[in-house]
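Novice: This is the structure I want to talk about, given as structure tokens.
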Amino acid sequence: MTGTTSVVLRDDHGPPNVPQATRERRPVPSTLLSRRDLRFLLYDWLDVTRLTVRPRYAEHSRETFDAVLELAERVATEHFAPHNRAADLDEPTFDGRQVRLIPEIKAALDVFAETGLLASTLDESVGGMQLPHTVAAACFAWFQAANVATSAYPMLTLGNTNLLLAHGSPEQIDTWARPMIEGRFFGTMCLSEPHAGSSLADITTRAEPQADGTHRLYGTKMWISGGEHELGENIVHLVLARRPDGPPGVKGISLFIVPKLLPGPDGEPGERNDVALVGLNHKMGYRGTTNTLLSFGDGAHHPAGRAGAVGYLVGEPHQGLAQMFHMMNEARIGVGAGATALGYTGYLKSLEYARQRPQGRPLADKDPTTPQVPIAAHPDVKRMLLAQKSYVEGALALVLYSGRLLDEEKSAPEPADRARAHLLLDTLTPIVKSWPSQWCLAANDLAIQVHGGAGYTRDHDVEQHWRDNRLNPIHEGTHGIQALDLLGRKVTRRDGAGLAALVETIGATVDRARKIGGETTELAEQLASAVRRLTDVTRRLRSAGDPQLALANASVYLEAAGHVVIAWMWLEQLLVVEAAGAAAPDADLYAGKRHAAHWFFRYELPRTGPQFDLLAGLDRTTLEMRDAWF
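FYI, in my numbering the residues of the sequence shown are 3 to 632.
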């Protein structure tokens with residue numbers, strides 16, 4: 003199988019699927035992610051090895067899954083994490099000719115390309131290894147936790163590749179997708195424009211058809227991550243633009259491949275296209291990823307002797323936004339995963355600090371001559387650590403569950419099961435993007451607080467994690483846009499089919515939990531009550547007859563729905579714990595899971611009560627606020 007040997011670095015690190023890290027060193031606890039938690043989620047809960055009975059994954063096994071996970075951890079730890087701080091302090095610069103990045107970024111990405119992990123989930127026919135998405139998501143989380151900025155380059159490139167594999171012609175796949183799969187080219191997505199922002203109906207970049215079948219593009223794109231650099235041989239921009247025959251609004255948008263360098267006679271990158279960097283945005287965090295303002299067709303370069311950026315139409319005209327959503331939805335899940343990873347590493351680092359930092363004594367100990375205790379022993383620090391644990395482990399469960407839904411969509415034997423997995427993932431996507439972006443950011447905030455004054459300095463990683471994570475509620479669709487998507491489309495279209503699928507799936511978990519008895523049954527009833535309220539409130543908002551009123555508090559709805567979903571994730575994990583009983587393979591891990599589940603149900607899920615009350619009351623406070631009153 004093509005992918006079986008490509009999971010090992012192409013050097014002398016040992017035989018296929020047995021990374022040197024596995025053979026030579028005894029694993030030590032990482033402060034990036036928890037191997038114990040990943041094993042629990044992948045094998046004890048999601049049981050990903052069951053996927054290997056399906057044809058798509060038949061050449062894999064627990065051994066190959068463990069091998070790629072070990073490889074991902076090692077490469078992330080040794081090549082991505084070491085320059086995380088350096089890339090933050092020495093951010094990209096532009097001298098008017100080219101962008102300068104610290105050399106460690108390219109070195110890390112070259113190593114990543116050698117692993118073959120970029121193609122891990124892709125079909126064998128394009129050089130992939132057909133690894134389950136669930137396992138691939140766990141692998142990539144290591145890179146996001148180690149260095150979210152450097153990992154953004156392959157994340158965007160994979161999304162670009164997947165879009166072209168779905169919508170591009172065979173020639174486009176050979177010319178652009180395959181070099182990205184090999185790690186030679188990088189990819190971007192170019193949507194927003196300075197005057198339009200997220201309002202894509204208002205974009206004005208135009209694409210003029212040419213006699214040779216290409217187009218010439220003219221316009222400006224803003225906030226383009228990875229838009230300019232020297233990390234690979236080429237950059238493949240996917241650009242939304244309007245042809246002259248396109249109708250107004252989003253229905254008139256087409257999608258184009260616009261490379262930085264045009265292919266030469268031999269197919270290799272040749273003449274410079276008319277794509278120019280206007281400037282770099284200077285960000286609070288996430289600094290190692292270049293964020294750019296790009297100009298297309300302003301005459302900075304003259305391909306074939308004249309101005310205009312050469313572009314190649316993807317698929318049919320005027321289908322660009324629908325095609326781009328293939329990449330956007332993938333990116334949104336990737337943003338949620340990145341937010342989760344940043345929250346998780348911040349949690350582990352604050353936990354390590356709390357265990358090592360002595361300060362104070364128990365309240366009952368009045369003797370000042372006794373040794374101080376680690377701050378992890380103090381109740382308020384325990385509270386902050388437990389809150390972080392409940393957020394990040396709940397979010398990671400949701401991210402991996404989303405990967406499992408992708409695997410079902412690709413490989414379930416019955417078409418109905420594939421369709422249902424697609425519907426459920428489509429419904430959950432706004433929550434997968436936004437809940438970790440909000441609450442794992444809150445975890446980073448608590449990690450700073452656990453460190454005390456030290457957390458507010460640059461001497462510890464946690465302040466950078468917070469700054470890096472603060473981007474995630476914004477990019478790939480802001481929190482408010484995800485809320486509008488969830489309430490305005492995902493739970494209402496097809497007469498509420500998406501919400502019905504979600505409610506049915508949660509209901510199955512509740513039914514299993516009810517049979518256990520005791521406190522687990524009580525938690526099941528609590529979740530069932532919250533789900534009923536979610537359903538009733540959704541119905542109430544749909545029947546209001548006033549879309550503006552119904553959507554005025556959509557962000558409150560998104561947050562409440564997200565908390566219900568994470569409570570479900572915790573009840574699912576609790577069921578695994580209760581089923582294991584005294585035979586739990588890792589007693590401390592399982593006890594921690596039980597305690598975190600109880601904490602989320604007692605401290606977090608009750609937040610949804612007042613939120614549902616507000617939504618059901620169709621409150622008009624926001625709508626009635628006038629500009630002059632601010």
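For glycine and all other residues, C-beta sits at the position ideal for the given N, C-alpha and C. Computed from a prediction, not measured in an experiment: that's the story for all the values here.
Report the residue from Ala151, Gly185, Ala88 whose alpha carbon sits nearest the alpha carbon of Ser122.
Specialist: Selected option, being the one with the closest Cα: Gly185.
Novice: Run through DSSP, which three-state label would Ser32 get?
Specialist: If DSSP states are grouped into helix, strand and coil, Ser32 belongs with coil.
Novice: Three Cβ pairs or more, each shorter than 8 Å: is that satisfied between the stretch 133 to 150 and the stretch 301 to 313?
Specialist: With the cut-off at 8 Å, the stretch 133 to 150 and the stretch 301 to 313 do not touch.
Novice: Does DSSP put Tyr220 in a helix, in a strand, or in coil?
Specialist: Tyr220 falls in the strand class under three-state DSSP.
Novice: CB-CB under 8 Å to Met329, same chain, minus the five flanking residues each way: which ones, in chain order?
Specialist: Within the same chain, Met329 has close Cβ partners Gly161, Asn162, Asn164, Leu165, Met191, Leu240.
Novice: What does a CB cutoff of less than 6 Å around Asp615 pick up in its chain, not counting 5 residues either side in sequence?
Specialist: There are no such residues.
Novice: Under 9 Å, do Gln613 and Glu561 count as touching if we go by C-beta distance?
Specialist: Taking 9 Å as the Cβ cut-off, Gln613 and Glu561 qualify as a contacting pair.
Novice: Quick check on the burial criterion: 16 or more other C-beta atoms within 10 angstroms. Buried or exposed for Glu65?
Specialist: Classification for Glu65: exposed.
Novice: Report the option in Thr372, Arg359, His424, Tyr349 whose CA atom is closest to the CA atom of Leu387.
Specialist: Minimum Cα distance to Leu387 is reached at Tyr349.
Novice: Using DSSP's beta-bridge definition, name the partner residues of Cys192.
Specialist: Paired residue(s): Val241.
Novice: Do you know whose CA, among Ser36, Asn275, Gly322, Asp247, lies nearest Ala311's CA?
Specialist: Selected option, being the one with the closest Cα: Asn275.
Novice: Could you name each continuous beta strand (DSSP E) segment of 3 residues or more that falls completely within the stretch 145 to 200, going from the start of the chain to the end?
Specialist: Entirely contained in the stretch 145 to 200, the beta strand (DSSP E) runs reaching 3 residues are, in chain order, 187 to 192.
Novice: Suppose you measure from the CA of Leu120 to the CA of Thr429; what does that come to, to the nearest Å?
Specialist: The alpha-carbon atoms of Leu120 and Thr429 are separated by roughly 26 Å.
Novice: Helix, strand or coil: how does DSSP classify Val77 here?
Specialist: In this structure, Val77 counts as helix in the three-state DSSP scheme.
Novice: With a cut-off of 8 Å, do at least 3 Cβ pairs link the stretch 77 to 91 to the stretch 437 to 453?
Specialist: No: the two stretches stay apart, fewer than three of their Cβ pairs being nearer than 8 Å.
Novice: Can you list, in chain order, the residues of its chain with a C-beta nearer than 8 Å to that of Val566? Leave out the 5 residues immediately preceding and following it.
Specialist: Within the same chain, Val566 has close Cβ partners Ile508, Leu529, Ala532, Val533, Leu536, Leu607, Thr610.
Novice: Across which residues does DSSP place Tyr314 in a beta bridge pair?
Specialist: In the DSSP output, where bridge partners are listed per residue, Tyr314 has Ile259.
Novice: Just list the residues that DSSP pairs Leu296 with in beta bridges.
Specialist: Bridge partners of Leu296: Lys223, Leu279.
Novice: How about the stretch 542 to 555 and the stretch 583 to 600: do they share at least three Cβ pairs that are nearer than 8 Å?
Specialist: The stretch 542 to 555, when compared against the stretch 583 to 600, does not touch it at the 8 Å Cβ threshold.
Novice: Distance, Cα to Cα, Leu282 vs Glu230?
Specialist: Cα-Cα distance, rounded: 9 Å.
Novice: With the cut-off set at 9 Å, would you say Ala449 and Gln390 are in Cβ contact?
Specialist: Result yes, Cβ atoms of Ala449 and Gln390 sit closer than 9 Å.
Novice: Give a yes or no on whether the C-beta atoms belonging to Val128 and Asp409 are separated by under 9 Å.
Specialist: No; because the gap between Cβ atoms is not below 9 Å, this pair is not in contact.
Novice: Looking at the unbroken alpha helix (DSSP H) that takes in Glu689, where does it start and where does it end?
Specialist: Summary: the structure shown does not reach residue 689, with the chain confined to residues 3 through 632, and so no result is reported for it.
Novice: Return the residue from the list Glu626, Gln100, Cys141, Leu279 that minimises the CA-CA distance to Ala69.
Specialist: The shortest Cα separation from Ala69 among Glu626, Gln100, Cys141, Leu279 belongs to Cys141.
Novice: Can the beta-carbon of Tyr45 be found less than 9 Å from the beta-carbon of Leu53?
Specialist: Taking 9 Å as the Cβ cut-off, Tyr45 and Leu53 do not qualify as a contacting pair.
Novice: Out of Pro250, Thr216, Asp268, Asn293, which has the shortest C-alpha to C-alpha gap to Ile259?
Specialist: It is Thr216.
Novice: Going by DSSP, name the residue or residues bridged to Val101.
Specialist: DSSP lists Phe96 as partners of Val101.
Novice: Could you name each continuous alpha helix (DSSP H) segment of 4 residues or more that falls completely within the stretch 359 to 408, going from the start of the chain to the end?
Specialist: Listed in chain order, nothing qualifies, since the stretch 359 to 408 has no complete alpha helix (DSSP H) run of 4 or more residues.
Novice: Quick check on DSSP: helix, strand or coil for Gly266?
Specialist: DSSP places Gly266 in coil when its eight states are reduced to three.
Novice: Have a look at Gly345 and Pro249 and give me their C-alpha separation to the nearest angstrom.
Specialist: About 43 Å.
Novice: Near Arg245, which residues of its chain fall below 6 Å by C-beta distance, leaving aside the five closest residues on each side in sequence?
Specialist: Result list for Arg245: Ala209, Ser256, Pro319, in chain order.
Novice: Counting only runs that start and end within the stretch 556 to 613, where is the alpha helix (DSSP H) found for 4 or more residues in a row?
Specialist: Fully enclosed alpha helix (DSSP H) runs of 4 or longer: 556 to 582, 589 to 601.
Novice: Inspect the CB distances between the stretch 564 to 581 and the stretch 399 to 416 and report whether three or more fall short of 8 Å.
Specialist: The stretch 564 to 581, when compared against the stretch 399 to 416, does touch it at the 8 Å Cβ threshold.
Novice: Please determine, among Arg495, Gln451, Tyr393, Pro432, the residue with the shortest C-alpha to C-alpha distance to Pro475.
Specialist: That would be Pro432, whose Cα lies nearest to the Cα of Pro475.
Novice: What's the C-alpha gap between Thr342 and Asp268?
Specialist: Distance between the alpha carbons of Thr342 and Asp268 is about 43 Å.
Novice: Near Ser194, which residues of its chain fall below 6 Å by C-beta distance, leaving aside the five closest residues on each side in sequence?
Specialist: Excluding sequence neighbours, Ser194 sits near Met224, Trp225.
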